[in-house]
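Q: This is the structure I have questions about; it appears just below.
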Amino acid sequence: MSKKIFIFTSEEENAKVYKLRVHKNVVYGVGLAFCVLLGAMIGYAIFESEIWNASFQQTVRWQEDMKAVQAEKEQRIEELTGQISELTVQIADLTDQNQVLKDELTAKMESEAALAAKVEAAYLPTDFPLTGAATMKEVDGQEPMCIFTSSIDGEMVIATAHGTVIAVNADAEYEQNVWIDHENGYVTIYRSKGDIKVQKGQKVTKGTTLFLQGKDQGEMGYQMIKDGAYINPAEMMSVNG
């Protein structure tokens, strides 16, 4: 069986020579082991390289995905910012419109309140019952009355407020009388010898002529009822007229 001889020496003088005999199978085995180790190292290096490449590619893909997500997020934020700006403008417009409507409603309510107050005042019997000047005498009692005397020919007895004529009666002292319901608890009674100008059921307004009095018919009586009870009409005129 052949053996391999390895000689080891040195360049120095009188150097010794060393001989090493190794069986060829051992040499083959060592060579084979070296080749296997080298192959394993090369394979491991290739494997590590592939793993690194895969990891690197995955990292790159992740970064690209993150960039895409960030870009989408920024685009969405931009869209929402635009929508918020539009909504802010719309809210401002609606606020202005709401304020305009509130102002219009307030003005309308004030106008309606003023109109209601004006209408209410028109139905309160506070005016003077004659178109001209006259002297006045108050008569007390259960049915108080104001007696007006005028010497003017053609003097007119007029309604002191809006209402409806509810009665036209004969009057023992003044020949005839007119009752007006003012639809708010007040009823006024006008007593005169003049020519009557209205009839029962007629709607009248403040200032409507009820009687036309001649020079010798200048005296007229004026009474007032509030919620079914007589009151002094002079007090009503002094408070509101």
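Here the working numbering = 1-based position in the sequence shown + 89. Glycine included, C-beta positions come from ideal geometry on N, C-alpha and C. Since this is a predicted model, take the numbers as computed values, not measurements.
Using 10 angstroms around the beta-carbon of T297, count the other beta-carbons present and answer buried if the total reaches 16, otherwise exposed.
A: One-based indexing of the sequence shown puts residue 297 at position 208. Buried, by the Cβ-count rule.
Q: DSSP state of G310, grouped into three classes?
A: Stepping through the sequence shown from its first residue, residue 310 is reached at position 221. Three-state result, G310: strand.
Q: Taking buried to mean at least 16 other C-beta atoms within 10 Å of its own C-beta, is S239 buried or exposed?
A: By one-based count along the sequence shown, residue 239 stands at place 150. The residue in question, S239, is buried, as its Cβ has 16 or more Cβ neighbours within 10 Å.
Q: Pull up the distance between the alpha-carbon of S144 and that of A134, whole angstroms please.
A: Position 55 of the sequence shown, counting from 1, holds the residue named residue 144. Position 45 of the sequence shown, counting from 1, holds the residue named residue 134. For S144 and A134, the distance between alpha carbons rounds to 15 Å.
Q: So T277 and P214 are in contact, right, with Cβ under 8 Å, and what is the actual spacing, rounded?
A: Taking the sequence shown and counting its residues from 1, the one referred to as residue 277 is at position 188. Taking the sequence shown and counting its residues from 1, the one referred to as residue 214 is at position 125. Right, their Cβ atoms sit about 5 Å apart.
Q: Leaving out the 5 sequence neighbours to the left and right, which residues in its chain are closer than 7 Å to A259 when beta-carbon positions are compared?
A: On the sequence shown, position 170 is the one that residue 259 refers to. So the qualifying residues of the chain are Q265.
Q: Just to confirm before moving on: does the CB-CB distance between D316 and F300 stay below 8 Å?
A: Locating residue 316 in the sequence shown gives position 227, counting from the first residue. Locating residue 300 in the sequence shown gives position 211, counting from the first residue. Against a cut-off of 8 Å, the Cβ pair of F300 and D316 comes out as no contact.
Q: Three Cβ pairs or more, each shorter than 8 Å: is that satisfied between the stretch 305–325 and the stretch 223–236?
A: As far as the Cβ criterion goes, the stretch 305–325 touches the stretch 223–236, which means the pair count is three or higher.
Q: With DSSP as the reference, please indicate the residues paired to C124 in a beta bridge.
A: The residue labelled residue 124 in the question sits at position 35 within the sequence shown. DSSP lists no partner for C124.
Q: Compare the Cα-Cα distances from N273 to each of Q291, H251, G290 and K282 and report the closest residue.
A: Start at 1 with the first residue of the sequence shown, and residue 273 comes out as number 184. Cα-wise, what sits closest to N273 is H251.
Q: Strictly by DSSP, which residues pair up with Y319?
A: As a first step, residue 319 must be located in the sequence shown, where it is residue number 230. DSSP output for Y319 lists I314 as bridge partner(s).
Q: Might you give, ordered along the chain, the residues of its own chain that have their beta carbon closer than 6 Å to the beta carbon of E227, omitting 5 neighbours on each side?
A: Here residue 227 refers to the residue found at position 138 when the sequence shown is read from its first residue. Cβ within range, chain order: C235 and A323.
Q: Would you mind reading off the limits of the beta strand (DSSP E) that contains N273?
A: Reading the sequence shown from its first residue, position 184 is the one you call residue 273. Note, N273: premise wrong, no beta strand (DSSP E); not H, not E.
Q: For the beta strand (DSSP E) containing A248, name the first residue and the last one.
A: Translated into positions along the sequence shown, residue 248 becomes position 159. Unbroken run through A248: none, as it is neither H nor E.
Q: Does the separation of the CB atoms of I269 and V254 fall below 8 Å?
A: Residue 269 sits at position 180 when you count from the first residue of the sequence shown. Residue 254 sits at position 165 when you count from the first residue of the sequence shown. Contact: yes.
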